[in-house]
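Asker: Just dropping this structure here.
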Amino acid sequence: MPILLRLDVVMARRKVRSRTLARAIGISETNLSLLKSGKVRGLRFATLDAICRYLDCAPGDILEYLPDEGAGTVADIVETPRRRA
């Protein structure tokens, strides 16, 4: 997966426990644990906003993009729509 969640690192630097953050942002500890481990398929902007506000950080402090080496160019990834005649 080319996007890594570095939430555990930011939490450790700020000495914030999972239980404290989960309660502060309104999600379960289980869901926060899934976020920290990267076992989620998506992250709501509202949740990301709440995390960043509580931890006083930017999304870029939590999210890291690692491009796939074999992915090729954007044109290889995104199919260009065909024009209708």
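Numbering-wise, the numbering used here puts 73 at position 28 of the sequence shown, and it's gapless, one number per residue.
C-beta atoms are modelled at their ideal positions from N, C-alpha and C, and glycine is treated no differently.
#1: Measure the beta-carbon distance from Leu77 to Ser63 and round it to whole angstroms, keeping in mind my assumption that it falls under 8 Å.
#2: Which of the three DSSP states is assigned to Leu88 in this structure?
#3: Drop a sphere of 10 angstroms on the beta-carbon of Leu111, count the other beta-carbons inside from all chains shown, and report buried for 16 or more, exposed for fewer.
#4: Please report the Cβ distance between Val55 and Asp106, rounded to the nearest whole angstrom; I am assuming they are in contact, meaning their Cβ atoms lie under 8 Å.
#5: Throw me the rounded Cβ distance for the Leu80 and Leu88 pair, which I believe falls under 8 Å.
Answerer: On the basis of the coordinates in this document:
#1: 5 Å
#2: coil
#3: exposed
#4: 6 Å
#5: 7 Å
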